[in-house]
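Residue numbers for the sequence shown follow this note's numbering, beginning at 1438 and rising by one.
C-beta atoms are modelled at their ideal positions from N, C-alpha and C, and glycine is treated no differently.
Because the structure is a prediction, the values reported are computed rather than measured.
Working notes, structure below.
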Amino acid sequence: MAKQHDTLLRQWHMLRLIPRYPQKITARAVLERLESGGFKVTKRTVERDLNDLSSAFPLALDDRDKPYGWSWQKDAPSFDLPGIDANEALTLVMVEQHLNNLLPNSTVAVLAPYFKSAHKYLDGTTSANHVKSWLNKVRTVQPNQTLLPPKINPEVQQLLSEALLSNRQAEIEYKRRTESKVSTHRIQPLALIQRGGLIYLYVRFFDYEDIKIIALHRIKSVKVLDLATNIPKGFDIDKEIAQGRFDFGKGAMIELKAKFTAEAGEHLFETPLSKEQRIEVLDGGDLLITAQIADTPQLLWWLLGFGDGVEVLQPLAMRERIADMLVKAVTRYQS
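Written out as structure tokens, the structure reads:
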């Protein structure tokens, strides 16, 4: 019985050592890993165990080139203990739904069997019906007009994810919306940001110091290079976002003063524009909002969306620009 127990324990460890295709591990490497874990075994025993395990589990031997190697088949279900439960299955499905576009493709490939197992569990287990129903009760919606996202070349996304994950540069063919021909650039990818239905790359072109934002769907081809990305000292993506970079601003901060009607500005009591926001209730019920905020086109669009529900007082340049835009709008509608 002890010998049988030792064999079972050894084979269990072997199964955990085998990677998923296209990665592979040789019998020699398995032997070395087992020996480092305290198992006393020969290479011949390891080879025999691997052949025996392949008859019960979806394992494959790649014998096209030496050294030969073993892998779990690409679509093999995930194999681990303890078994998945309803809450874990729900979590995996929600990760798949909401993070699939932001995870590196190599990570998605590794997680794919777990996603598959999660769906299988929720579809086949009646006891999980109350948990599964959560998927029909929760949604994420955008707080602005819904637009259909552009199509992204999956190979482009995969290669750029790999470059970003491994801190490597890439050569891309990029087509600007206003141009008919593609242009070739060497880029140093720094971050990936999803903004609504669009995905953007934060990059440095060639070896220039300034950082640019480019749309992923405009990239037509990618070649990952064997060159390390030079990440700027002190680079912090959260700081860049806070400065309004991904609202298409230039990083400048302003003090906004605006008078909102009570109806238009009521939500700012619970969802402030910034941590430094102040609200003063004026005679008649209007709200005077003062906030330190990034000066961005997105802020301008947001203010214009309130129509006559807001009057910008400061900065003066923004007030004059909005007034000019509203005059032109009235002229257009009266023509």
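In this structure, V1749 is the residue among D1745, V1749, Q1771, F1476 with its C-alpha nearest to the C-alpha of K1696. Residue burial annotation: S1598 is buried, with at least 16 other C-beta atoms found within 10 angstroms of its C-beta. In the three-state reduction of the DSSP assignment, G1746 falls in the helix class, which pools H, G and I.
Under the 8 angstroms Cβ criterion, the stretch 1700 to 1717 does not count as touching the stretch 1647 to 1666, having fewer than three qualifying pairs.
Contact check for I1589 and H1654: beta-carbon distance about 5 angstroms, within the 8 angstroms limit, so the pair qualifies.
For L1498, the pairing in a beta bridge is given by DSSP as W1507.
Secondary structure of K1696 (DSSP, three-state): strand.
In the structure shown, K1660 adopts extended strand secondary structure according to DSSP, grouped into three states. For E1592, the closest alpha carbon among the candidates Q1582, I1609, L1585 is that of I1609. Put simply, of E1757, D1644, I1636 the residue whose alpha carbon is nearest the alpha carbon of R1623 is D1644.
L1693 is a Cβ neighbour of I1730, given a cutoff of 7 angstroms.
Around the CB of G1721, fewer than 16 other CB atoms lie within 10 Å, so the residue is classed as exposed.
Under DSSP, the beta-bridge partners assigned to I1609 are H1622, V1659. Beta-bridge partners of K1649 (DSSP): V1640. When beta bridges are read from the DSSP output, T1727 appears opposite K1694, R1715.
K1574 places its beta carbon 7 angstroms or farther from that of L1559. Taken in chain order, the whole alpha helix (DSSP H) runs of length 4 or more contained in the stretch 1516 to 1590 are 1523 to 1536, 1542 to 1561, 1566 to 1569.
Straight across, the Cα-Cα distance linking Q1594 with S1603 is about 14 angstroms.
A contact between stretches requires three or more CB pairs, one per stretch, nearer than 8 angstroms, and the stretch 1499 to 1508 meets this requirement with the stretch 1460 to 1477. For I1462, DSSP records a beta bridge to W1507. Exposed is the label assigned to D1761, since fewer than 16 other Cβ atoms lie within 10 Å of its Cβ. In the DSSP assignment, A1493 falls outside any alpha helix (DSSP H) and carries neither an H nor an E. In this structure, the CA atom of P1456 is about 49 angstroms from the CA atom of L1736.
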